[in-house]
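Notes follow the structure.
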Amino acid sequence: MLKTVIFDMDGVIVNTEPLHHKAYYKMFADVNINVSNELYESFTGQSTINICRRLVDHFNLKEHPETLVKLKRQHFKYLFENDESLALINGVLDAIKEYHNKGLTLVLASSASMPNINRIFERFKLNPYFISKFSGADLAQSKPHPEIFLKAVEASGNLASECIVIEDSTNGMKASNEANVFCVGYHGDSNSKQNFGLCDYEAFSFSELTFQKLSSLLA
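Structure (structure tokens):
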């Protein structure tokens, strides 16, 4: 029986990927590195600090990973505050409201930093619907490690078998699998190269993910 829905954020609740892409590439320019599309796509679903650690190792940079994180977040903060095109994923707010009104427990489990999570939740007034929010940046392990989903399940007060994760990244789907939580793979605008063979059910819009539909997936 479905009792909890665990949401990823970027690409599932809001499409901040274009802003992250711009912020990362501004940071890459700051430290004079050339990051291929293939390498950038491999970062999807990972925390900023882990991405920056990979960059330091890969390019043998003299800068510390924390320096790269600070640069990237400065660029993102500026873009977030000045880019008016940022909007929720089509249909997600109606879905969140329906799940909440039907008594489901909602938890956020994102690789984004908590300041960015809070910016999104405050801008779009999402806090009343969620009992807890987790940032992969605050944990010892990042997706594809299952730690964030294990913590989300624990926070929900329900069993893993009573939870569903909605994810759009290969790393997130791997993490959900490792946590033994049913995973809905959501096809957003920027995830065509993610491995949806890892999810238990694929969805292309939130109009497909009604309360009745999600409940039937765990029936």
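One point on numbering: in UniProt numbering, the residue at position 87 of the sequence shown is 87, and numbering is uninterrupted. Cβ atoms here follow ideal geometry from the backbone N, Cα and C, with glycine treated the same way.
Where do the ends of the beta strand (DSSP E) carrying residue i lie?
| i | result |
| --- | --- |
| T4 | 4 to 7 |
| A175 | Taken as a continuous stretch (DSSP letters only), A175 belongs to no beta strand (DSSP E), being part of the alpha helix (DSSP H) at 170 to 178. |
| C201 | In the sequence under discussion, the amino acid at residue 201 is Tyr, which differs from the Cys named in the question. From DSSP, the beta strand (DSSP E) with Y201 extends over 201 to 203. |
Alpha carbons only, please: which of the options is nearest the one belonging to residue i?
| i | options | result |
| --- | --- | --- |
| K72 | N60, S161, S156, K22 | K22 |
| H64 | N50, F76, H75, Q74 | N50 |
| A179 | Y25, E162, N195 | E162 |
| F182 | F28, K193, S36, L159 | L159 |
| F80 | N118, F28, Q141, L108 | N118 |
| K102 | A219, L217, T210, L218 | T210 |
| P128 | Y99, F149, S111 | Y99 |
| C199 | S205, S215, A175 | A175 |
| A203 | Y186, G157, F149 | Y186 |
So residue i is in the alpha helix (DSSP H); what residue range does that whole segment cover?
| i | result |
| --- | --- |
| N216 | Looking at the sequence provided, one finds Ser at residue 216 rather than Asn. Its alpha helix (DSSP H) spans residues 211 to 217. |
| K97 | 92 to 101 |
| S156 | 147 to 156 |
| K77 | 65 to 82 |
| N37 | 37 to 41 |
Report the rounded CA-to-CA distance for residue i versus residue j, giving the unit in angstroms.
| i | j | result |
| --- | --- | --- |
| R123 | D57 | 35 Å |
| residue 230 | M114 | The structure shown does not extend to residue 230, since the chain is modelled only from 1 through 219, so no value can be given for it. |
| D8 | K213 | 19 Å |
| H145 | N171 | 8 Å |
| D30 | L68 | 9 Å |
| S135 | Y40 | 21 Å |
| T4 | N32 | 44 Å |
| E208 | G197 | 19 Å |
| A137 | V92 | 24 Å |
| D10 | T105 | 20 Å |
| T44 | S169 | 6 Å |
Please name the residue or residues paired with residue i in a DSSP beta bridge.
| i | result |
| --- | --- |
| S47 | Answer by DSSP bridge pairing: none, since S47 is not bridged. |
| V184 | I166, Y201 |
| D10 | V14 |
| L106 | V5 |
| S135 | S110 |
| L88 | V14 |
Assuming residue i contacts residue j under a Cβ cut-off of 8 Å, what Cβ separation, rounded to an integer in Å, is found between them?
| i | j | result |
| --- | --- | --- |
| A152 | A109 | 4 Å |
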